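K.L.:
Okay, so the sequence shown: first residue is 1183 according to the working numbering, each after it adds one.
The beta-carbon is built from N, C-alpha and C at its ideal position, and this holds for glycine as well.
It should be emphasised that the depicted structure is a prediction, and the values quoted were computed from it without experimental measurement.
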Amino acid sequence: MRLSLERAPAGPYAAAGRFRLRAGAGCLDGDAVRAERDAVPCAGGVRRVAVCRVRRAAVHLRLGGCDPGSGAVRGAELVAAATGELHPRPAAVSGADPVERACLSAGCRAVCAHAALGYRSLDTAAGRQLTDANRSRPPAPVPPPRPADRRCAGAFGLALAGRLAYLSLFKTDEYTLLAEDNRVALRLIPPSRAVIYDRTGKPLALNRNAFRLTMIPEEAGDIDAALDRLAAIYPVTDEERLRIKRAAARQASFQPVEIAADLDWDAFSAISVRLPELPGIQPVQLFTRSYPEGAAFAHLLGYIGPPSEAQVEAADDPVFRAPGFAVGKGGIEQSLETRLRGTAGVAKVEVNARGRIIRDLERIDGKIPPPLTLTIDRDLQRFVQDRLAGESASVIVFDAPTGEILALAAVPGFDPNSFIGGISTAEWRALTGDERHPLLNKPVQGQYPPGSTFKMAVALAALEAGVPPEDSVVCTGRYQLGSHTFHCWRRRGHGRVDMASGIYSSCDTYFYATGRRIGADAIAAMARKLGLGETFDLPIPSQKSGLVPDAAWKRRRYNAAWQTGDTVNYAIGQGYLLTTPLQLGVMVARLASGLALQPHLVRDEARPPPAPLDLNPGHLAFVRNAMADVVNRGGGTARAARLQGGILMAGKTGTAQVRRITMAERRAGVRRNEDLPWKQRDHALFVCFAPVDQPRYACAVIVDHGGSGSKAAAPVARDIMNFLFARDSAALADAQAPDAPDAPESPL
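1) What residues are listed by DSSP as bridge partners for Phe1393?
2) Where Pro1938 and Lys1861 are concerned, what is the direct C-alpha to C-alpha distance, given to the nearest angstrom?
3) Mapping the DSSP letters down to three states, classify Ile1884 as helix, strand or coil.
4) For Ile1578 and Gln1780, what's the separation of their Cα atoms in angstroms?
5) Phe1393 to Asp1547, Cα distance in whole Å?
6) Excluding the 5 residues flanking Thr1749 on each side, which residues of the same chain have their C-beta closer than 7 Å to its C-beta?
7) For the alpha helix (DSSP H) containing Leu1409, name the first residue and the last one.
8) With a cut-off of 8 Å on the beta carbons, I'd call Glu1515 and Leu1522 a contact; round off their distance for me.
9) Could you give the residue range of the alpha helix (DSSP H) that holds Tyr1692?
10) Assuming Arg1569 and Thr1382 make a contact with CB atoms under 8 Å, what is their CB distance in whole Å?
11) Could you tell me which whole alpha helix (DSSP H) segments of length 4 or greater appear in the region 1499 to 1539?
12) Under 8 Å, with one C-beta from each stretch per pair, do the region 1902 to 1915 and the region 1870 to 1879 reach the 3-pair mark?
13) Would the region 1856 to 1871 count as touching the region 1614 to 1633 if we require 3 or more Cβ pairs under 8 Å?
14) Please list the terminal residues of the continuous beta strand (DSSP E) segment that includes Tyr1661.
15) Taking Glu1646 and Asn1798 to be in contact with their CB atoms under 8 Å, please state how far apart those CB atoms are, rounded to whole angstroms.
16) Confirm, please, whether the CB-CB distance from Ile1486 to Arg1934 is below 7 Å.
17) Distance, Cα to Cα, Lys1893 vs Gly1827?
18) Mind the definition here: the region 1800 to 1817 touches the region 1685 to 1694 only if three or more C-beta pairs lie below 8 Å; say whether that holds.
19) Starting from the N-terminal side, write out each stretch of the beta strand (DSSP E) that is 3 residues or longer and does not extend beyond the region 1781 to 1858.
20) Run the CB neighbour count on Val1255, radius 10 Å, all protein chains shown included, and call it buried at 16 or more, exposed below.
21) DSSP state of Val1640, grouped into three classes?
22) Please classify Val1353: is it buried, with 16 or more other beta-carbons within 10 angstroms of its beta-carbon, or exposed?
23) Assign Ala1295 to one of three DSSP states: helix, strand, or coil.
24) Cβ of Met1831 within 7 Å of Cβ of Ala1872?
25) Figure out for me which residue from Gly1403, Leu1543, Lys1726 and Ala1341 has the closest Cα to the Cα of Ala1463.
26) Leaving out five residues on either side along the sequence, give the residues of the same chain with a beta carbon under 6 Å from the beta carbon of Leu1590.
27) What residue range does the alpha helix (DSSP H) around Phe1436 cover?
28) Mind checking whether Leu1155 and Leu1621 have CB atoms under 7 Å apart?
29) With a threshold of 16 other CB atoms inside 10 Å of the CB of Ala1341, please say whether the residue is buried or exposed.
30) Between Asp1410, Pro1488, Arg1806 and Tyr1379, which lies nearest to Arg1423 when the distance is taken from Cα to Cα?
31) Is Pro1625 close to the ligand FAD? I mean its beta-carbon at under 6 Å from any heavy atom of the ligand.
32) How far does the alpha helix (DSSP H) with Phe1565 in it extend, from its first residue to its last?
33) Is Leu1460 helix, strand or coil when you go by DSSP?
34) Which residue wins for smallest C-alpha separation from Pro1897, given the options Val1566, Asp1446, Thr1419 and Lys1384?
35) Out of Thr1746, Glu1544, Ala1443 and Asp1857, point me to the one whose CA is closest to Gly1664's CA.
36) Can Leu1760 and Leu1720 be called in contact, C-beta distance under 7 Å?
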């Protein structure tokens, strides 16, 4: 608004320079404002005082042609100085009329106007006379409100009442909900996981009550003192104490810090009883995973644990950040994560302004997926685990007609329950420092030269290539290729050997000559047809594919040509060739069934029936009979592995060399495996199926650095087969036993 100060008409105070203050042209709000007060003496008369809105909501007081010592200027200066709002500006020259400006903020506008209208300089008699006169004047009467003003006020009141009624009647629920949102929070409850059963309904992975111990630093006060009080009931190591203090420093003081993730009941109850003595300590009950079979199924099932930061970022799911949430780590728990993980629950809690939970209001539990049933036989897996105790070994057992995996075991193992609550540093170092690699899932991740167990593949490749099985070679214990000599495992040789005797006596010389005759590419093609060099659609992470080499592979890998010496080594399962125990199990199951079986672990999965192997059935029968001679004929390398009860088993031993034997050592005598350091001993292998006429089970055994396959691996397979057939016989006897006769009726 722009206010103009002009000379007033003559009156009682004309001598004192009376003026009128009114709204001038260009007012921003256009309001008519008039006010009269005693004027301020001015030598040149009052020309104009302009009070305007300007940038920064300031008022400009303009006095033209006034004496700098006059009351008007003095009054403006006093007011401005008192309020700290005086900002001198450069004087502008307009003819002979100097202009002085004083810039005052909007807060000083009324004070400045009052100063300009009512105060006179106290240095003059006129100023004192005007001040005294103003004090003696009676206050001006307050005019009554005009009708238009009353109508406006009434309309405003009615509008306000109407709005209030509208909000009360129609918006109550909406604003109640908004108010609830300010004090009610939703907390995600980590989902439970599906129970895992074996093929007979025995539990392998369960959900159980767990007891967690936490601390609220805000309530505990001194963390060290709180942990010292707790130590009388539940000791905390220095390492754990440091972890707790670091976690407390990274988050709000009212947020819980985990002390222990899995307390036993005795510790939980003891702490709960003495809670009054333990301020800030909170025992919490929740659900977690339990593996009742422990190490027997550790590699197969895996375990659960907190998600990594990379998993949290990739998932972009708030449940991944919920306290207590866990994901699968290794094994089936990892591979079937989405199948096993349920839906998260929700807890509605009351919180204060800082987010601290005051009380629970409501809880909605999540959904647990249906159970998962595996093809695994728990009792068989237990037996295998116990049979291999003390070894570093792996075993896989198949249902030969279907390809279902009945056992997949590796020793040594680890207890997956230890990883749920967080494994200790000492235990972790013990596992990672063990040369037998207890954390390695050997059946699918271990890669070994198959040794002589590969000779069936070479024999089939030869038969398919047209090599007559009666063709023979003379084994003297040596096979000369140029200037290089290849040795048979039997130093004095086997004499004349054909294909069948070459298999059951495992003559290296026969297969040196046969492999050289058919070539590496034919051997590689047959190996792939039997399942070597392949990964399978199984819910097990990190499967290794092994290596089935050929000339093209060597050219790519080494930029070198395939040599005849490579083929000679290839033919006895050595050289570049690598296989996993799972692949060897698939190979022997396909040989037994004549089908291109695909291994599987989950029951009731829809899958197409396996197609027949694209091999001559007569050739398959020939190889099966030769494998039966390995176990059941005199001179067979596994004759000590015969089964009980007259059941015939077919098999093949293998020994995979892991060190190079020099010519000097051969001349002096090759050292026995028993005399070598454990890591330099040969791997022991055995593959088999039984019964010979109608194969029911197929099995592959590898004992790391076990030495001879006939001494270390074949007896394990024998005991596994005896266990299976003894159990089957007992089940058959029970099924065939006549029902007990009904008790005779009482004559009474």
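P.N.:
Here's the rundown:
1) Leu1445 and Gln1467
2) Given that the chain is displayed from residue 1183 to residue 1930, the structure contains no residue 1938 and the question cannot be resolved.
3) Looking at Ile1884 - three-state DSSP - the assignment turns out to be strand.
4) 14 Å
5) 18 Å
6) Correct list, in chain order: Gly1697, Arg1698, Gly1701 and Ala1702.
7) Ile1405 to Ala1413
8) Confirmed, about 7 Å.
9) Asp1690 to Ile1700
10) With a Cβ gap of about 20 Å, Arg1569 and Thr1382 do not count as contacting.
11) Counting only runs that start and end inside the region 1499 to 1539, the alpha helix (DSSP H) elements of at least 4 residues fall at 1513 to 1517 and 1519 to 1522.
12) Counting Cβ pairs under 8 Å, three or more are found: they touch.
13) yes
14) Arg1660 to Leu1663
15) 7 Å
16) With the chain running from 1183 to 1930 in the structure shown, residue 1934 is simply not present.
17) 22 Å
18) Yes, since at least three Cβ pairs between the region 1800 to 1817 and the region 1685 to 1694 fall closer than 8 Å, the two stretches touch.
19) Complete beta strand (DSSP E) runs here, min 3: 1832 to 1838.
20) With a pLDDT of 46 at Val1255, under the threshold of 50, the modelled position of that residue is not reliable, and no figure is offered here.
21) helix
22) Contrary to the premise, residue 1353 reads as Lys rather than Val in this sequence. Its Cβ having fewer than 16 others within 10 Å, Lys1353 is exposed.
23) Residue placement at Ala1295 cannot be trusted, given a pLDDT of 46 that sits under 50; the coordinates are not used to answer.
24) For the 7 Å CB-CB criterion, Met1831 and Ala1872 form a contact.
25) The residue asked about is misnamed: residue 1463 is Ile in this sequence, not Ala. Checked all of Gly1403, Leu1543, Lys1726 and Ala1341; the closest Cα to Ile1463 is Gly1403.
26) Leu1482, Ile1578 and Pro1625
27) First-last for Phe1436: undefined, no H or E at that position.
28) No statement about residue 1155 is possible, as the shown extent of the chain runs from 1183 to 1930 and does not include it.
29) exposed
30) Asp1410
31) The ligand FAD is absent from the structure shown, which contains no ligands of any kind.
32) Per DSSP, Phe1565 belongs to the alpha helix (DSSP H) from Arg1560 to Arg1569.
33) coil
34) Val1566
35) Thr1746
36) no
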